[in-house]
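**Q** The opening position of the sequence shown corresponds to residue 27 in the numbering used here, with each subsequent residue numbered one higher.
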Amino acid sequence: MFLASHRFGVPRRTVVHPLTDEPVTAGPPAIVHARRTRLPLIAMAPTADGKRRTRVHVVSDVHGNARDLARAGDGADALICLGDLVLFLDYADHSRGIFPDLFGTANADRIVELRTARRFEEARAFQRELWAGIGTDRAAAIEKAVRKQYAELFAAFPTPTYATYGNVDMPPLWQEYAGPGTTVLDGQRAEIGGRTFGFVGGGLRTPMRTPYEIDDEEYAAKIEAVGEVDVLCTHIPPEVPELVYDTVARRFERGSRALLDAIRRTRPRYALFGHVHQPLVRRMRIGATECVNVGHFAGSGRPWALEW
Numbered sequence: 027m028f029l030a031s032h033r034f035g036v037p038r039r040t041v042v043h044p045l046t047d048e049p050v051t052a053g054p055p056a057i058v059h060a061r062r063t064r065l066p067l068i069a070m071a072p073t074a075d076g077k078r079r080t081r082v083h084v085v086s087d088v089h090g091n092a093r094d095l096a097r098a099g100d101g102a103d104a105l106i107c108l109g110d111l112v113l114f115l116d117y118a119d120h121s122r123g124i125f126p127d128l129f130g131t132a133n134a135d136r137i138v139e140l141r142t143a144r145r146f147e148e149a150r151a152f153q154r155e156l157w158a159g160i161g162t163d164r165a166a167a168i169e170k171a172v173r174k175q176y177a178e179l180f181a182a183f184p185t186p187t188y189a190t191y192g193n194v195d196m197p198p199l200w201q202e203y204a205g206p207g208t209t210v211l212d213g214q215r216a217e218i219g220g221r222t223f224g225f226v227g228g229g230l231r232t233p234m235r236t237p238y239e240i241d242d243e244e245y246a247a248k249i250e251a252v253g254e255v256d257v258l259c260t261h262i263p264p265e266v267p268e269l270v271y272d273t274v275a276r277r278f279e280r281g282s283r284a285l286l287d288a289i290r291r292t293r294p295r296y297a298l299f300g301h302v303h304q305p306l307v308r309r310m311r312i313g314a315t316e317c318v319n320v321g322h323f324a325g326s327g328r329p330w331a332l333e334w
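(1) Using a Cβ-Cβ cut-off of 6 angstroms (strictly less than) and excluding sequence neighbours within five positions of F278, which residues of its own chain qualify?
(2) Between the alpha carbons of V335 and D116, how many angstroms are there, rounded?
(3) Between V82 and L111, how many whole angstroms is the CB-CB distance? I'm expecting something under 8 angstroms.
(4) Would you mind giving the Cβ-Cβ distance between R293 and T315, rounded to the nearest angstrom? I have them listed as a contact below 8 angstroms.
(5) For P184, which residues in the same chain have their Cβ closer than 6 angstroms to its Cβ, ignoring the five residues on either side in sequence?
(6) Alpha carbon to alpha carbon, how far is R308 from W334?
(7) Helix, strand or coil: which one does DSSP assign to L111?
(8) On the criterion of 16 or more Cβ atoms from any shown chain inside 10 Å, does G101 qualify as buried, or is it exposed?
(9) Between the C-alpha atoms of V210 and D135, what's the straight-line distance to the nearest angstrom?
(10) For A181, which residues from the same chain have a beta carbon less than 7 angstroms from its beta carbon, with the 5 sequence-adjacent residues on both sides left out?
(11) Give the DSSP-derived three-state secondary structure of G159 in the structure shown.
(12) Relative to the C-alpha of V320, which candidate in K77, T80 and V85 has its C-alpha closest?
(13) Any idea what DSSP makes of P305, helix, strand or coil?
(14) Are the beta-carbon atoms of T80 and R221 separated by less than 9 angstroms?
(15) With DSSP run on the structure shown, which of helix, strand or coil describes G281?
(16) Tell me, please, which residues DSSP counts as bridged to W330.
(17) By Cβ distance below 8 angstroms, which residues in the same chain neighbour R144 in space, the five residues on each side in sequence not counted?
(18) I think L258 touches I289, with their Cβ atoms under 8 angstroms apart; what is that distance to the nearest whole Å?
(19) Assuming V149 contacts I137 (C-beta within less than 8 angstroms), just tell me the rounded distance between them.
(20) Can you tell me where the beta strand (DSSP E) holding R164 begins and where it ends?
(21) Which same chain residues, not among the five before or five after A96, have their C-beta less than 7 angstroms away from its C-beta?
(22) In the DSSP assignment, find the unbroken beta strand (DSSP E) run with R215 in it and report its ends.
(23) Taking the C-alpha atoms as reference points, what is the distance between I249 and R122?
(24) Does the Cβ-Cβ distance between A167 and Y203 come in under 9 angstroms?
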């Protein structure tokens with residue numbers, strides 16, 4: 027059952043889309059499909075003493091992998107998704123994603139080269155040239171492509187699913203695609219199997235300018251709104267070098283200092299996150315808390331499991 031909790035209200039704001047470099051109105055991040063009755067759960071085998079166990083599967087960085095997402099909840103009481111549903115561009119296969127669909131693989135190769143070299147201004151200028159060359163309304167083309175992916179991905183979610191946004195997601199569209207079996211939370215909490223789960227979505231501002239990046243202060247306020255929980259679920263990791271370094275991209279992604287401070291202060295049993303696709307360290311303890319990168323679901327197709 028969804029727990030009444032801190033509703034974190036955030037005003038609508040304008041952000042810059044990574045593909046279009048155009049302003050996009052985003053907001054409010056919290057879209058909750060609250061229910062007064064508990065969603066149906068899969069019967070789990072009892073323990074030796076006859077008590078029923080609860081099993082939750084967790085995914086992050088789905089990036090268009092609807093096929094495996096449809097099976098991600100098999101054998102679990104609930105699925106948790108930590109965001110990044112959209113696939114703009116697959117850095118492992120430059121022929122996949124919204125960008126190559128619009129501009130071709132060769133141009134995708136070039137944009138990856140520029141971004142990997144951290145030549146972000148050149149990358150944005152290159153994208154502007156590409157958009158000017160196809161004569162298509164940029165915002166409309168992007169929204170059409172994202173809607174197509176969201177329709178397929180949200181349809182693949184099992185019941186119940188608890189989800190929060192990633193940094194490449196577009197929160198204003200989620201309310202249109204999340205069905206009654208999907209609870210979307212951001213700066214809020216839910217009870218699953220007798221444990222309290224807190225959810226904080228989105229990422230912090232970077233030169234990449236992805237759609238759902240917010241200021242450090244706004245992110246910290248959402249962390250504060252969640253308060254003390256058993257399991258803290260976020261898209262980005264706490265700001266720990268070993269957790270934020272991507273060994274393939276060879277760069278430090280942005281983690282949250284406010285999240286790290288909250289973990290030390292509130293001591294949840296688990297802190298679950300994604301965002302860093304190939305982290306230097308996938309799992310480590312911070313005080314009493316087990317911190318886990320649940321994996322790059324787009325690549326692995328396998329959920330991370332938590333059972334109690």
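Think of the CB as a built atom: it goes at the ideal place given N, C-alpha and C, for glycine as much as any other residue.
**A** Judging by the given coordinates:
(1) In the sequence shown, the residue the question calls residue 278 occupies position 252. V270 and Y271.
(2) This structure cannot speak to residue 335, because the chain is shown only from 27 to 334.
(3) Translated into positions along the sequence shown, residue 82 becomes position 56. Translated into positions along the sequence shown, residue 111 becomes position 85. Contact annotation, V82 with L111: C-beta distance approximately 19 angstroms; criterion of less than 8 angstroms not satisfied.
(4) Here residue 293 is taken as the residue at index 267 of the sequence shown, counted from 1. Here residue 315 is taken as the residue at index 289 of the sequence shown, counted from 1. About 6 angstroms separates the two Cβ atoms, so the contact holds.
(5) Along the sequence shown, read from residue 1 onward, the residue named residue 184 stands at position 158. Excluding residues up to 5 positions away in sequence, G99 and L105 lie with their Cβ nearer than 6 angstroms to the Cβ of P184 in the same chain.
(6) Stepping through the sequence shown from its first residue, residue 308 is reached at position 282. Stepping through the sequence shown from its first residue, residue 334 is reached at position 308. If you take the alpha carbons of R308 and W334, they lie about 21 angstroms apart.
(7) Mapped onto the sequence shown, residue 111 falls at position 85. Of the three classes helix, strand and coil, the one that applies to L111 here is coil, per DSSP.
(8) Here residue 101 is taken as the residue at index 75 of the sequence shown, counted from 1. By the neighbour-count rule (16 or more Cβ atoms within 10 Å), G101 is not buried but exposed.
(9) As a working note, residue 210 is residue 184 in the sequence shown. As a working note, residue 135 is residue 109 in the sequence shown. Their backbone Cα atoms lie some 34 angstroms apart in a straight line.
(10) One-based indexing of the sequence shown puts residue 181 at position 155. If we look at A181 and ignore the five residues flanking it on each side, it has no Cβ neighbours.
(11) Position 133 of the sequence shown, counted from the first residue, corresponds to residue 159. In the structure shown, G159 adopts helical secondary structure according to DSSP, grouped into three states.
(12) Position 294 of the sequence shown, counted from the first residue, corresponds to residue 320. In this structure, V85 is the residue among K77, T80 and V85 with its C-alpha nearest to the C-alpha of V320.
(13) Here the question's residue 305 lines up with position 279 in the sequence shown. P305: strand per DSSP, three-state reduction.
(14) Translated into positions along the sequence shown, residue 80 becomes position 54. Translated into positions along the sequence shown, residue 221 becomes position 195. Result yes, Cβ atoms of T80 and R221 sit closer than 9 angstroms.
(15) On the sequence shown, residue 281 is found 255 positions in, with the first residue counted as 1. G281: coil per DSSP, three-state reduction.
(16) Translated into positions along the sequence shown, residue 330 becomes position 304. The partner list for W330 (beta bridge, DSSP) reads V84.
(17) The residue labelled residue 144 in the question sits at position 118 within the sequence shown. If we look at R144 and ignore the five residues flanking it on each side, its Cβ neighbours are P233 and R277.
(18) By one-based count along the sequence shown, residue 258 stands at place 232. By one-based count along the sequence shown, residue 289 stands at place 263. Contact holds; Cβ gap of about 7 angstroms.
(19) Taking the sequence shown and counting its residues from 1, one reaches residue 149 at position 123. Taking the sequence shown and counting its residues from 1, one reaches residue 137 at position 111. Residue identity differs from the one stated: residue 149 is Ala in this sequence, not Val. Sure, about 6 angstroms apart at Cβ, within 8 angstroms.
(20) For the purposes of this step, residue 164 is taken as residue 138 along the sequence shown, with counting starting at 1. The continuous stretches of beta strand (DSSP E) do not include R164, which lies in the alpha helix (DSSP H) extending over residues R164 to A182.
(21) Position 70 of the sequence shown, counted from the start, is the residue given in the question as residue 96. Within the same chain, A96 has close Cβ partners A182.
(22) Counting from one through the sequence shown, the residue named residue 215 turns up at place 189. That run of the beta strand (DSSP E) goes Q214 to I218.
(23) Position 223 of the sequence shown, counting from 1, holds the residue named residue 249. Position 96 of the sequence shown, counting from 1, holds the residue named residue 122. Put simply, the backbone Cα of I249 is about 34 angstroms away from that of R122.
(24) Counting from 1 along the sequence shown, the entry for residue 167 is found at position 141. Counting from 1 along the sequence shown, the entry for residue 203 is found at position 177. Taking 9 angstroms as the Cβ cut-off, A167 and Y203 do not qualify as a contacting pair.
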